[in-house]
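Report on the following structure.
In the working numbering, the protein residues as written are 350 to 491.
Now the structure itself:
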């Protein structure tokens, strides 16, 4: 959450949806971070994705909401994730869980860990892309 908030404070608005060298945009990473966290935690609860979640996943690479909306979505998703982690009983951590249409095997703990790892990866990629864009524009990151 801190990394995303700091990124939002220094990102040039016109850099949000740029794709330097064909890399994913900062906006995509933020949107995917929120959506993938929600989806992984749905599986961790032993639930199937809703039609709204599936539709949101399809739109991650196409819609271009403003930075404030993206950051609010990321922070809200991470707040819900932290609440879920805190509320997850220790006894269910090793329970089997199915992931995706293929029903790939995992556990509650595996999904919680993967959600954290995946979110960290995309926050880092968003920050790196923002730095690349700032350097290419000749502006030092704020």
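Quick reminder that beta carbons are idealized off the backbone N, C-alpha and C, glycines included.
* Asked: How about residue 442 and residue 389: do their beta carbons lie closer than 8 angstroms?
  -> no
* So which of 382, 484, 457 has the shortest CA-CA distance to residue 439? -> Among 382, 484, 457, the Cα nearest to that of residue 439 is on 457.
* Which listed residue (378, 395, 363) has its alpha carbon closest to that of residue 448 -> 395
* Touch test, the region 399-407 against the region 354-374, Cβ-Cβ under 8 angstroms, three pairs minimum -> no
* Asked: With C-beta atoms as the reference, is residue 375 less than 8 angstroms away from residue 479?
  -> yes
* Please classify residue 446: is it buried, with 16 or more other beta-carbons within 10 angstroms of its beta-carbon, or exposed? => By the 10 Å Cβ count, residue 446 comes out buried.
* **Test item: CB-CB of residue 356 and residue 483 under 8 angstroms** => no
* Asked: What do you get for residue 453, buried or exposed, if any count of 16 or more other CB atoms within 10 angstroms of its CB means buried?
  -> exposed
* Output the boundary residues of the alpha helix (DSSP H) element that contains residue 478. => 457-485
* Have a look at residue 435 and residue 471 and give me their C-alpha separation to the nearest angstrom. => Between residue 435 and residue 471, the C-alpha separation is close to 23 angstroms.
* To do: At 3 residues or longer, and completely inside the region 400-457: list those beta strand (DSSP E) runs for me, N to C.
  => 445-448, 453-456
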